[in-house]
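Undergrad: Residue numbers (my numbering): 5 to 154. Virtual Cβ for every residue (Gly too), placed ideally from N, Cα, C. Dumping the structure here so I can ask a few things about it.
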């Protein structure tokens, strides 16, 4: 029978080698250059963007418009160019009161009103609508905006 002899020095050497390998692997794992994590919204929670302007040169809306039917959220309105127009956002799919379910009064459906000559900037609403999102140019010329909704 073959007899294996281990002495104390051999055990210490093997243990030292194993510990060195383990420490080296941990250091390598911690020093790996990982790709930065890009944050964003989860799928299905992103916003839809549309634009308004005083002219329709680039496909922007210049007058009243149904932006979305059904329920959703008016996220924000980015005013990039002020104008003389007053714009309103309604929880409705039409401006005709006789075509609305339950003939709700227009004043009960107002989500937001943007006054004329509003300062350029981002105006956050995060307001829920259930019937649709109706954009109305109440008076004046349409300001240049980007409207975010979902």
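Curious, which full-length alpha helix (DSSP H) runs of at least 4 residues does the segment 114-145 contain?
TA: Whole alpha helix (DSSP H) segments, 4+ residues: zero.
Undergrad: Mark residue 157 as exposed unless 16 or more other C-beta atoms lie within 10 angstroms of its C-beta, in which case mark it buried.
TA: Outside the displayed range of the chain (5 to 154) lies residue 157, so it cannot be described from this structure.
Undergrad: Under 8 Å: do the segment 15-31 and the segment 121-132 share three or more Cβ pairs, one atom per stretch?
TA: Too few Cβ pairs lie closer than 8 Å, so no.
Undergrad: Under the rule that 16 or more other beta-carbon atoms within 10 Å means buried, what is residue 76, buried or exposed?
TA: Locating residue 76 in the chain shown gives position 72, where the first residue counts as 1. Buried, because 16 or more other Cβ atoms sit within 10 Å of the Cβ of residue 76.
Undergrad: Ends of the beta strand (DSSP E) at residue 20?
TA: The sequence position of residue 20 within the chain shown is 16, counting from 1. From DSSP, residue 20 is part of no beta strand (DSSP E) but of the alpha helix (DSSP H) over 12-35.
Undergrad: Going by CA-CA distance only, name the one from 99, 144 and 79 that's closest to residue 52.
TA: Within the chain shown, residue 52 is the residue found at index 48, counting from 1. For residue 52, the nearest C-alpha among the options comes from 79.
Undergrad: Between 115, 142, 63 and 35, which lies nearest to residue 87 when the distance is taken from Cα to Cα?
TA: Here residue 87 is taken as the residue at index 83 of the chain shown, counted from 1. The option with the nearest alpha carbon to residue 87 is 142.
Undergrad: Which residue comes first and which comes last in the beta strand (DSSP E) that contains residue 149?
TA: Reading the chain shown from its first residue, position 145 is the one you call residue 149. 148-153 is the span of the beta strand (DSSP E), which, as asked, contains residue 149.
Undergrad: Figure out for me which residue from 83, 113 and 26 has the closest Cα to the Cα of residue 54.
TA: In the chain shown, counting from the first residue as 1, residue 54 sits at position 50. Residue 54 has its Cα closest to that of 83, out of 83, 113 and 26.
Undergrad: Please work out which residues of its chain come closer than 7 Å, Cβ to Cβ, to residue 137, disregarding the five sequence neighbours upstream and downstream, and give them in chain order.
TA: Position 133 of the chain shown, counting from 1, holds the residue named residue 137. Closer than 7 Å at the Cβ level, and outside the excluded window around residue 137, lie 71, 72, 76, 78, 93 and 153.
Undergrad: How many whole angstroms separate the CB atoms of residue 91 and residue 34, which I take to be in contact at a CB cut-off of 8 Å?
TA: As a first step, residue 91 is located in the chain shown; it is residue number 87 there, counting from the start. As a first step, residue 34 is located in the chain shown; it is residue number 30 there, counting from the start. Rounded, the Cβ-Cβ distance is 54 Å, inconsistent with contact.
Undergrad: Using the Cβ count rule (16 or more neighbours within 10 Å means buried), how would you classify residue 149?
TA: Numbered from 1 along the chain shown, position 145 holds the residue referred to as residue 149. Buried, because 16 or more other Cβ atoms sit within 10 Å of the Cβ of residue 149.
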